[in-house]
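**Q**
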Amino acid sequence: MHKLERLLRPKSIAVFGGVQAAAVVAQSIKMGFAGEIWPVHPTKDEVAGRKAYRSVADLPGAPDAAFVGVNRHLTIEVVKALAERGAGGAVCFAAGFLETEAYDDDGERLQAELVAAAGQMPIIGPNCYGLINYADGALLWPDQHGGIRLEEGGKGVAIITQSSNIAINMTMQKRGLPIAFLMTAGNQAQTGLSEMALGLIEDERVTSLGLHIEAFDSVAGFERLAARARELKKPIIAMKVGRSEQARQATVSHTASLAGSDAASGAFLRRLGIARVDSIPAFIEALKLLHITGPLPGYKLSSMSCSGGEASVMADSAEGRWVNFPVLTEQHRAHVKSTLGPLVAVANPLDYHTFIWNNEPAMTATFTAMVSGGFDLNMLVLDFPRPDRCSVTDWWATLRAFESALKTNKAHGAIVSSLPENLPEEYTAELMARGMVPLFGISEAMDAAGAAAFIGWAWAEPQAQPVDTSAAGAAGGEHVTPDEAEAKARLIKAGLPVPKGERAGNAVEAVISSMALGFPVALKALGVTHKSEVGAVRLNLKDAESVSTAAHDLLPLGTGLYVERMVRDGVAELIVGFTRDPMFGAVMTLGTGGVLVELLRDSVTLMLPATRDDIEAALRGLKLFPLLEGYRGRPKADVAAAIDAIAGIASFVQKNAGEIEELDINPLIVCVEGKGAWIADALLVLGENKNV
């Protein structure tokens with residue numbers, strides 16, 4: 001039994017406090033909770049019509065769940081008494097704990113005392129509204145909500161948020177999403193969001209899980225959650241906020257400007273097979289789709305509408321997304337064409353025109369033919385007329401035709417309204433009962449389809465290794481930045497592909513070194529972070545005179561010179577960077593490199609360890625990748641060597657994760673096939689313990 005079992009699915013509830021506590025009692029009674037409700041109040045004989053008790057000691061038994069709605073100091077006392085009595089868990093409503101640390105010195109201390117008072121008894125919060133169990137009618141919730149109790153044997157989704165107000169707003173949705181459980185996480189003083197989620201997905205009445213995340217409570221906890229969700233076949237959607245927050249204090253590397261905590265969070269969610277959406281409407285629609293269909297097996301969509309305008313909007317909505325509307329095969333196109341008149345141009349998305357509108361047999365034939373194409377999700381664009389001014393009778397013929405087409409082909413289908421308000425809530429339950437997912441808004445529908453398809457793809461892949469968090473934690477102490485010559489010496493020692501080079505103290509030494517290395521060479525000023533920005537690098541120097549001239553120009557810019565054999569036959573430039581994330585440890589960024597790296601921002605972030613398949617998939621996702629494959633007749637790049645180099649650099653970072661704060665390889669020059677991939681520039685930042 002999960003440790004939150006009694007709290008999440010209680011048979012008895014104790015309630016402490018004044019106005020909020022009375023609301024909790026009233027809400028559970030209103031929802032038809034069949035268990036015991038025991039209000040506790042020092043002076044009142046009854047609360048909301050239920051007998052009140054004076055203290056925890058006076059209760060008839062140890063409650064499964066408790067709502068503690070008293071001030072922060074008294075909360076600690078009540079929690080201690082509940083733990084000693086053997087209660088199953090408590091929701092701590094009061095604020096004034098760790099969230100106030102910026103202006104209240106007592107907050108951190110009081111939160112520690114609260115956790116100590118709870119001991120082994122689970123607590124949710126503090127600083128949270130609590131829990132709504134719509135499956136059993138148990139509400140540890142001190143405010144209004146817009147949800148309804150599930151019918152006997154019914155199923156719904158579970159939602160956990162880190163905002164009580166967002167939680168309330170979600171219960172007020174009119175989009176037909178059935179909710180089985182809703183929780184708020186608060187400060188997560190003792191029980192983290194991932195542990196709450198693990199408790200919820202074990203319930204057979206929960207089909208899928210939605211998480212609104214401000215911060216991850218535990219890397220390992222989320223890994224356990226994702227693994228269990230996959231075992232139970234219960235998909236997870238996340239809305240992770242923080243895209244707009246300024247990245248961590250940018251240091252000296254390009255990687256720091258590309259990576260940031262949000263990129264790392266996104267990479268972590270992708271690794272776990274948790275789909276990420278960026279808005280509350282998309283969050284609701286994705287959960288609704290997953291509730292009915294589960295993960296989609298692929299990314300192929302079909303769309304049907306009786307309007308060319310709607311068909312065009314649907315086609316445009318897929319631009320830049322993984323989900324797509326594939327071109328119909330000739331055979332499939334002919335099959336659909338045979339059900340329509342000669343004036344209809346058959347395509348995907350399909351505008352079937354109004355010729356067959358309200359002709360149920362004709363629509364059934366066309367829809368059945370279109371859906372027979374083996375699409376992963378079939379969409380019918382259908383906005384309902386205003387019921388207060390218009391008739392909706394004809395629309396049900398269209399719905400019956402679509403339902404028949406889906407059943408004939410055993411296919412997934414969705415009704416998509418172009419405007420959210422044009423799909424009345426009162427129709428949603430019947431649509432879902434008929435196997436048609438009501439999706440509100442075209443953009444949100446595409447977000448939902450993409451999320452469901454991503455999870456389907458992720459679950460078909462092997463489960464990723466646990467993230468290497470050995471370098472996690474805030475960086476401290478002074479940082480040391482070795483010059484390029486020293487940084488490359490360390491990389492060469494690790495067996496990584498670095499062009500031959502030598503340090504030079506003056507122009508004469510630079511000329512001698514260049515002659516020994518062989519022309520052409522590159523000459524750089526050492527001790528300069530971003531050389532191209534200050535003109536501290538000269539490339540393709542072909543003779544001693546040009547080296548001497550360049551050396552005299554560069555010497556005043558830095559602390560010395562570095563002469564290096566030029567990399568020839570380059571096809572493309574990559575950036576391979578690593579930063580230390582406080583939660584995830586060393587995080588890798590791959591992208592288009594060179595001087596335009598921050599302007600182009602063509603990059604992807606990966607957790608470590610990263611397999612060769614992970615690296616190749618990341619490269620293939622870059623806009624640059626067609627260039628590596630020989631774009632428009634250009635020579636193909638040595639992709640295998642690039643993957644070898646990237647994997648080697650990642651291994652070097654992992655072995656020295658405790659010392660490396662940042663590593664910026666920019667560029668990694670990828671040459672033509674057979675000529676390798678070479679580290680042309682390297683910026684290494686070390687922490688206090690710098691024995692790399």
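For the sequence shown, the working numbering assigns the number 692 to the last residue and increments by one with no breaks.
Glycine included, each C-beta is placed from N, C-alpha and C at the ideal position.
All figures in this text were calculated on a predicted structure; none of them were measured in a lab.
Would you say A694 and P39 are within 7 Å of each other, going by their C-beta atoms?
**A** This structure leaves residue 694 out entirely; the chain is present only between 1 and 692.
**Q** Only counting runs of 4 or more residues, tell me where the alpha helix (DSSP H) segments fall wholly within the segment 255 to 300, in order along the chain.
**A** Listed in chain order, they are 260 to 272 and 280 to 293.
**Q** Would you tell me roughly how many angstroms separate the C-alpha atoms of Y103 and Q111, rounded to the nearest one?
**A** Locating residue 103 in the sequence shown gives position 103, counting from the first residue. Locating residue 111 in the sequence shown gives position 111, counting from the first residue. Their backbone Cα atoms lie some 15 Å apart in a straight line.
**Q** Applying the criterion that 16 or more other CB atoms from any shown protein chain within 10 Å of the CB defines a buried residue, is G49 buried or exposed?
**A** Along the sequence shown, read from residue 1 onward, the residue named residue 49 stands at position 49. Exposed, since its Cβ has fewer than 16 Cβ neighbours within 10 Å.
**Q** DSSP three-state call for M31: helix, strand or coil?
**A** Numbered from 1 along the sequence shown, position 31 holds the residue referred to as residue 31. The answer is coil: DSSP assigns M31 none of H, G, I, E or B.
**Q** Can you list, in chain order, the residues of its chain whose CB lies under 6 Å from that of L328, leaving out five sequence neighbours each side?
**A** As a position in the sequence shown, residue 328 is number 328, starting the count at 1. N348.
**Q** Keeping to the same chain, check which residues put their C-beta closer than 6 Å to that of G696; ignore five residues upstream and five downstream.
**A** Look at the range of the chain in this structure, 1 to 692, and you will see that residue 696 is not part of it.
**Q** Which partner residues does M583 have in the DSSP bridge list?
**A** Looking up residue 583 in the sequence shown gives position 583. For M583, which the question treats as bridged, DSSP gives no partner whatsoever.
**Q** Leaving out five residues before and five after E673 in sequence, what residues of the same chain have Cβ atoms less than 6 Å from its Cβ?
**A** Locating residue 673 in the sequence shown gives position 673, where the first residue counts as 1. Answer for E673: K636 and D638, listed in chain order.
**Q** Are there 16 or more other CB atoms within 10 angstroms of the CB of A458, so buried, or fewer, so exposed?
**A** Numbered from its first residue, the sequence shown carries residue 458 at position 458. The residue in question, A458, is buried, as its Cβ has 16 or more Cβ neighbours within 10 Å.
**Q** Suppose you measure from the CA of L539 to the CA of M566; what does that come to, to the nearest Å?
**A** Taking the first residue of the sequence shown as position 1, residue 539 is located at position 539. Taking the first residue of the sequence shown as position 1, residue 566 is located at position 566. So the alpha carbons of these two residues sit roughly 7 Å apart.
**Q** From the DSSP output, read off the bridge partner residues of A414.
**A** The residue labelled residue 414 in the question sits at position 414 within the sequence shown. Partner(s): M379 and V437.
**Q** Is F16 helix, strand or coil when you go by DSSP?
**A** Locating residue 16 in the sequence shown gives position 16, where the first residue counts as 1. Of the three classes helix, strand and coil, the one that applies to F16 here is strand, per DSSP.
**Q** Quick check on DSSP: helix, strand or coil for T75?
**A** In the sequence shown, residue 75 corresponds to position 75, counting from 1. If DSSP states are grouped into helix, strand and coil, T75 belongs with the helices.
**Q** Quick one: grab the DSSP three-state call for Y562.
**A** Taking the sequence shown and counting its residues from 1, one reaches residue 562 at position 562. Strand.
**Q** Whose C-alpha, out of A197, T191, N165 and S208, is nearest the C-alpha of I179?
**A** Stepping through the sequence shown from its first residue, residue 179 is reached at position 179. The shortest C-alpha separation from I179 is found at S208.
**Q** Once DSSP output is grouped into helix, strand and coil, what is the label at R50?
**A** Reading the sequence shown from its first residue, position 50 is the one you call residue 50. Strand.
**Q** Excluding the five sequence neighbours on either side, which residues of its own chain have a C-beta within less than 6 Å of the C-beta of L4, listed in chain order?
**A** Looking up residue 4 in the sequence shown gives position 4. P122 and G199.
**Q** Just the C-alpha distance for G630 and V571, rounded to the nearest angstrom, thanks.
**A** Position 630 of the sequence shown, counted from the first residue, corresponds to residue 630. Position 571 of the sequence shown, counted from the first residue, corresponds to residue 571. One C-alpha to the other measures close to 9 Å.
**Q** Please give me, in chain order, every unbroken run of the beta strand (DSSP E) with length at least 3 that falls completely inside the segment 431 to 495.
**A** Complete beta strand (DSSP E) runs here, min 3: 436 to 440.
**Q** CB E484 to CB L523, shorter than 7 Å?
**A** Within the sequence shown, residue 484 is the residue found at index 484, counting from 1. Within the sequence shown, residue 523 is the residue found at index 523, counting from 1. Contact flag unset, no.
**Q** So, is T255 buried or exposed, given that buried needs 16 or more other C-beta atoms within 10 angstroms?
**A** Counting from one through the sequence shown, the residue named residue 255 turns up at place 255. For T255, the predicted structure reports a pLDDT of 46, less than 50, and the residue's modelled location is therefore unreliable. A value from the coordinates is still provided. So T255 counts as buried.
**Q** From this set, L668, N656 and C671, which residue's C-alpha is nearest L686's C-alpha?
**A** As a working mapping, residue 686 is identified with position 686 in the sequence shown. That would be N656, whose Cα lies nearest to the Cα of L686.
**Q** Could you tell me the distance, in whole angstroms, from the CA atom of P142 to the CA atom of I213?
**A** The residue given as residue 142 occupies position 142 in the sequence shown. The residue given as residue 213 occupies position 213 in the sequence shown. One C-alpha to the other measures close to 22 Å.
**Q** Between the Cα of G96 and those of G89, G86, R109 and G88, spot the shortest distance and give me the residue it belongs to.
**A** By 1-based counting over the sequence shown, the position of residue 96 is 96. Nearest C-alpha to G96: R109.
**Q** Using only the alpha-carbon positions, how far apart do N169 and W678 sit?
**A** In the sequence shown, residue 169 corresponds to position 169, counting from 1. In the sequence shown, residue 678 corresponds to position 678, counting from 1. Computed Cα separation, rounded: 53 Å.
**Q** Verify whether the separation of the beta carbon atoms of I201 and A229 is less than 7 Å.
**A** Counting from one through the sequence shown, the residue named residue 201 turns up at place 201. Counting from one through the sequence shown, the residue named residue 229 turns up at place 229. A contact, by the Cβ cut-off of 7 Å.
**Q** Give me whichever residues DSSP pairs with I179 in a beta bridge.
**A** For the purposes of this step, residue 179 is identified with residue 179 of the sequence shown, where counting begins at 1. According to DSSP, I179 bridges with V157.
**Q** Tell me which residue opens and which closes the beta strand (DSSP E) that D644 is part of.
**A** Against the sequence shown, residue 644 aligns to sequence position 644. From DSSP, D644 is part of no beta strand (DSSP E) but of the alpha helix (DSSP H) over V639 to K655.
**Q** For E616, tell me which candidate among I643, L606 and L608 has the shortest Cα-Cα distance.
**A** Along the sequence shown, one-based indexing puts residue 616 at 616. Measuring from the Cα of E616, the nearest candidate turns out to be I643.
**Q** Counting only the same chain and skipping the five closest in sequence on each side, list residues whose C-beta sits under 6 Å from that of L258.
**A** Residue mapping note: residue 258 aligns to position 258 of the sequence shown, counting from 1. Its pLDDT being 48, under 50, L258 is placed unreliably in this model, and the coordinates cannot settle the point.
**Q** Grouping DSSP H, G and I as helix and E and B as strand, with all else coil, what is R386?
**A** Looking up residue 386 in the sequence shown gives position 386. In the structure shown, R386 sits in coil (DSSP, three-state: anything other than H, G, I, E or B).
**Q** Using the Cβ count rule (16 or more neighbours within 10 Å means buried), how would you classify M583?
**A** Along the sequence shown, read from residue 1 onward, the residue named residue 583 stands at position 583. Buried, by the Cβ-count rule.
**Q** Give the straight-line distance between the Cα atoms of L273 and G125, rounded to the nearest whole angstrom.
**A** Here residue 273 refers to the residue found at position 273 of the sequence shown. Here residue 125 refers to the residue found at position 125 of the sequence shown. Looking at the sequence itself, residue 273 is Gly, so the reference to Leu does not match. Each residue's Cα considered, the two are about 27 Å apart.
**Q** Taking V587 as the reference, which of F268, N187 and P60 has the closest Cα?
**A** Taking the first residue of the sequence shown as 1, we reach residue 587 at position 587. Looking at the Cα atoms, F268 is the closest of the given residues.
**Q** Among P420, N378 and M363, which has the Cα closest to the Cα of W396?
**A** For the purposes of this step, residue 396 is taken as the residue at position 396 of the sequence shown. Looking at the Cα atoms, M363 is the closest of the given residues.
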